[in-house]
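Which chain is which? The protein sequence lines are A and B, in order. Numbering of the first sequence is given in the working numbering, commencing with residue 7 and proceeding in unit increments. Numbering of the second sequence is given in the working numbering, commencing with residue 1462 and proceeding in unit increments.
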Amino acid sequence: MNARVRASLILFGLMLPIGGSAQEHPAVREAMTAFSDLDYGRAAELAEQALTQQLTVEDRVQAYEVLGYSFGILDQADRAVSTLSQLIVLDPDREPDTQALPPRLVSLYNQAFGQVLVVRGLLVDSTGFVSGEGRVTLHYEVSRPSVARIRVVGNGLYSVIDSMLVNPGPSRFDWDAVIGGQPLPPGDYQLIVSAAEGRSEYQRMARFRVSHSAVDTLPRISSIEGFDKVAESEFPPRDWRPLGVATLLTGAVAGAALALENGAFEGGRMELNVAAVLGVGAGFALSLRRPDPRPIPAAIQLNQLIDRTIADRNRSIAEQNEERRRRVRITIVQVFE
Amino acid sequence: MMNVVRISMAAALGFAGFAASAQAQSTYLGASAARSTYNEVSAENRQAGFGFTGSAGYERGELAVEGELHWRSLSPQVDTRRGALTLKAGVVRVRYEVWRSVDFEVGVDSRIMSPEFSAQDAAVVLVGLRHESDLSSVASFWIRGAAVPVSRFNGGGSGGVGLALGFGVRAGPADATWRAVAAYDFQRLDRTVRDVEVPIQYEGVRIGIEYSVF
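Printed below as a string of structure tokens:
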């Protein structure tokens, strides 16, 4: 072991992401203890022995990790890469703790990651959207250039939603959650991402749940912001025309009656006086009365324009609501087991 | 002459039936309290008093018909030795708008005085013009002037060409079925009997209400 690696391990050894648990196989636990005691030769030996036994996947992963890092520390790079490759195939989402591990081991891990074909980091973004108007984003990462095929399985459906050549590194795919022109029915589904390179193939699966709800409809409008209706009539100023007309007409007839009456019957003007007072009085009263409101054509036209615009918009909203009622709001949530 | 009276009365009374059977029309009925002065021959014979007037009207487009029935109880104003009179009259007018609220109007006015021969019964034909002007949306004012080319009297004689004038105002709440009405009528008949002037002059004022039937 070179001196620098040893010095690093003395510093970082206690912080290695290799911890024991009650469920661990005794052989695996012994190997991890040896690794924690910085006895890497024995740790490698015990891990190799443990791997010959019947282990759970988690124990096997722990054993490969102890073995791979031990080989790395013991300057057996080829064996370390080979062992870490098997670890990555078993648990692709397990990543080295770059804060705790010496850079050399992280480098060996990355070297091993580039030698095997795996898919990791498969995530379905939880989201909700109106069918046809939104998309759900799927995340994944392949370790090598390969053809990735994305399938959705479940609830009586099997559909390939995408297939493309991808390079190593994080990838994303935005999916409209529509299959055969119809929104994905509610239920539980599996999202399967397969990566194929030559004869090698690797696939990962994530579960997600789809639920449907009614789409919110748009409310009708009764006004247009910034365009308030205005009064369609106004009260004109006081008008003395009624008094003028009544006085003029009364005077004309009364004058004519006085002028044309028979001279033999002069005197006695009660009827004419009463009628004249009533006629002029009516005109005076009507002049004092508050004038009738008169229409404002421009205001009427503006209000009619606003009404027509509101009606047009409500018609458009009604059409949109009709369309929205035919759609559904899809909610997609990834299910972790 | 009594035939003329009967014809005018029948026309006024038959008006309601005619109006009721018409379509797309405006019809009213009215009642008024009235005061009238009646002069005959000289001012010493002046009679004046109160009474009532019933009226009805019908309008359709430019055409309008109106009828009035008058009843007055008159008493002497100067020579109180003369007896009181009762005046009954019927008026029917038909008018047609010829130009901007100016109507051509013809009518018949038949008047009966009782006791008989205490004053002249008269039946006249009226031909003239009428104008009605809106004072506001709730009131209108009308004036009328007519010549009296034909007149008949139960005491005989001729009337020459007489004169009739009038004006009135009609007002009521907007969109209401009733309205108040005030009207003044003046009539001068220059009757002569065997070249002796025996003129007649009548004037009256009435105040009442009108009710729009439909």
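Each residue gets a CB set at the ideal place from its N, CA and C atoms; glycine is no exception.
Open item on the list: Can you find the residues in the same chain that come closer than 6 Å, C-beta to C-beta, to Q1648 of chain B, ignoring five residues on each side of it along the sequence?
Closed with: A1625, Y1663, listed in sequence order.
- [ ] Compute the Euclidean distance between the alpha carbons of P1660 of chain B and V1630 of chain B, then round it to the nearest angstrom.
- [x] 29 Å
Task: Residue(s) in a DSSP beta bridge with P242 of chain A - done: BP columns for P242 of chain A are empty, so no partner.
TODO: State the Cα-Cα distance for the pair V1654 of chain B and S1619 of chain B, rounded to the nearest angstrom.
DONE: 7 Å
TODO: Using only alpha-carbon positions, find the residue among A:P242, A:V153, A:V251, A:L224 that is nearest to R205 of chain A.
DONE: A:V153
- [ ] Can you give me, in chain order, the residues of the stretch 1546-1561 of chain B that have a beta carbon less than 8 Å from any beta carbon in chain A?
- [x] none
Open item on the list: With a threshold of 9 Å between beta carbons, is E240 of chain A in contact with chain B?
Closed with: no
Task: Beta-ladder partner(s) of N1500 of chain B, from DSSP - done: Its beta-bridge partners are B:Q1662.
Open item on the list: Rounded to the nearest angstrom, what separates V251 of chain A and V280 of chain A at their Cα positions?
Closed with: 18 Å
Open item on the list: Can you confirm whether F3 of chain A, when its beta carbon is compared against all beta carbons of chain B, has any partner nearer than 9 Å?
Closed with: For chain A, the structure presents residues 7 to 343; residue 3 of chain A sits outside this window and is missing.
Task: Contact set for E1566 of chain B: own chain, Cβ-Cβ below 6 Å, skip 5 residues either direction - done: Once the five neighbours on either side are set aside, the close Cβ partners of E1566 of chain B are R1554, R1556, G1589, R1591.
Task: Contact set between S1594 of chain B and chain C, taken where Cβ atoms lie within less than 8 Å - done: No chain C is present in this structure, whose protein chains are A and B.
TODO: Out of B:T1547, B:L1546, B:Q1581, state which residue places its alpha-carbon closest to the alpha-carbon of D1651 of chain B.
DONE: Nearest of B:T1547, B:L1546, B:Q1581 to D1651 of chain B, Cα basis: B:Q1581.
- [ ] Could you say which of A:D81, A:L61, A:P32, A:V341 lies nearest to R215 of chain A if we only look at CA atoms?
- [x] A:V341
Open item on the list: Just to confirm my understanding: we take R244 of chain A, look at its own chain, exclude 5 residues before and 5 after, and list those with CB closer than 6 Å. What are they?
Closed with: none
Open item on the list: Within 10 Å of its beta-carbon, does A212 of chain A have 16 or more other beta-carbons around it, so buried, or fewer, so exposed?
Closed with: Under this definition A212 of chain A is a buried residue.
Open item on the list: To the nearest angstrom, how far is the alpha carbon of F170 of chain A from that of H145 of chain A?
Closed with: Correcting the residue identity first, residue 170 of chain A is Met in this sequence and not Phe. The alpha-carbon atoms of M170 of chain A and H145 of chain A are separated by roughly 14 Å.
Open item on the list: Going by the DSSP bridge assignment, what does R1533 of chain B pair with across the sheet?
Closed with: B:G1512, B:L1548
TODO: Work out the CA separation of I312 of chain A and V148 of chain A for me, nearest whole Å.
DONE: Their backbone Cα atoms lie some 59 Å apart in a straight line.
Open item on the list: So for S132 of chain A, helix, strand or coil by DSSP?
Closed with: Coil, per DSSP.
Open item on the list: Which complete alpha helix (DSSP H) runs does the stretch 245-285 of chain A hold, if anything under 4 residues is left out?
Closed with: 247-266
TODO: Indicate whether at least one CB of chain B lies closer than 9 Å to the CB of P243 of chain A.
DONE: no
- [ ] For Q1508 of chain B, count neighbouring Cβ atoms within 10 angstroms of its own Cβ and tell me buried if that reaches 16, exposed if not.
- [x] Q1508 of chain B counts as buried, since at least 16 other C-beta atoms from the protein chains shown sit within 10 angstroms of its C-beta.
Task: With 16 other Cβ atoms within 10 Å as the buried cut-off, status of Y164 of chain A - done: exposed
Open item on the list: Taking its Cβ as the centre, do 16 or more other Cβ atoms sit within 10 Å of Q1538 of chain B, making it buried, or is it exposed?
Closed with: buried
Task: Chain-ordered neighbours of A258 of chain A on chain B, where CB pairs are closer than 7 Å - done: I1604
TODO: Tell me whether the beta-carbon of V125 of chain A lies closer than 9 Å to the beta-carbon of A40 of chain A.
DONE: no
TODO: Along the beta strand (DSSP E) that carries R1572 of chain B, what are the first and last residues, could you check?
DONE: 1563-1575
TODO: Have a look at V112 of chain A and L73 of chain A and give me their C-alpha separation to the nearest angstrom.
DONE: 14 Å
Task: Inter-residue Cα distance where the pair is G134 of chain A and D180 of chain A - done: Counting only the Cα atoms, D180 of chain A lies some 13 Å from G134 of chain A.
Task: Extent of the continuous beta strand (DSSP E) to which E347 of chain A belongs - done: Lying before the first or after the last residue shown, residue 347 of chain A is absent from chain A, which here runs from 7 to 343.
Open item on the list: I'd like to know whether the C-beta of E1664 of chain B is nearer than 9 Å to at least one C-beta of chain A.
Closed with: yes
- [ ] For V280 of chain A, return the contacting residues in chain B, with the cut-off set at a CB-CB distance below 9 Å.
- [x] R1496, A1643, Y1645, V1666, I1668
- [ ] Per DSSP, which residues does P301 of chain A bridge with? Please list them.
- [x] A:S239
- [ ] Give a yes or no on whether the minimum CB-CB distance between P297 of chain A and chain B is below 9 Å.
- [x] yes
Open item on the list: Quick check on V124 of chain A: does DSSP put it in helix, strand or coil?
Closed with: Look at V124 of chain A here: in three-state DSSP terms it is coil, with no helix or strand label.
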